[in-house]
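S.K.: One structure, pasted below without further comment.
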Amino acid sequence: MSKRVDITGQIFHDLYVLEFTENKNTHAYYKCLCMKCNETILVSYSNLISGNTKSCRSCGNKRVSNGVEQDICWELQNKIKICAISEKFNIGRGIVYRIDFS
Ligand SMILES: [Zn+2]
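Here the sequence shown is numbered in the numbering used here, starting from 242 and rising by one per residue.
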């Protein structure tokens, strides 16, 4: 058995490691807080340190196309609320935050 490294309290990209949860198939799983949307998710230690998992699914996996990004920029410039935009385009707020419209 390999020794588990305690990574509680560390930050990997957008994820803050809250606590160790369990060992599954020789993988250690940690409960992490996605700092973009405050969602808690389980991530394996190897995915955390390798950078395979950088945020929760709703923030990380979805990428918006350039066309949609332009639409969102327009909405941002017109001071539409981020929560309204994320609802309209059905994307995580983290993605809206990340779009640079300046
Ligand atoms: Zn998230």
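Every residue gets a Cβ at the ideal spot worked out from N, C-alpha and C, and that includes glycine.
Keep in mind it's a predicted model, so treat the numbers as computed, not measured.
(1) Ignore the nearest five residues each way along the sequence and tell me which others in Y271's own chain have a CB closer than 8 Å to its CB.
(2) Do C324 and H296 count as a contact pair if the criterion is CB distance below 9 Å?
(3) For E280, name the three-state secondary structure that DSSP assigns.
(4) I want to check one thing, is the minimum distance from the CB of G333 to the heavy atoms of ligand 1 below 8 Å?
(5) Using 10 angstroms around the beta-carbon of M242, count the other beta-carbons present and answer buried if the total reaches 16, otherwise exposed.
M.R.: Result, derived from the coordinates:
(1) Mapped onto the sequence shown, residue 271 falls at position 30. I248, T249, V258, L259, E260, F261, T262, L283, V284, S285, Y286 and L289.
(2) Indexing the sequence shown from 1 puts residue 296 at position 55. Indexing the sequence shown from 1 puts residue 324 at position 83. With the sequence shown as reference, residue 296 is identified as Ser, and His is not the correct amino acid for it. The answer is no: Cβ separation not under 9 Å.
(3) As a position in the sequence shown, residue 280 is number 39, starting the count at 1. E280: coil per DSSP, three-state reduction.
(4) As a working note, residue 333 is residue 92 in the sequence shown. Under cutoff, so the answer is yes.
(5) Within the sequence shown, residue 242 is the residue found at index 1, counting from 1. Any reading at M242 needs caution, since the residue's pLDDT is 48, under 50, leaving its predicted position unreliable; the model's value is listed next. M242 should be labelled exposed.
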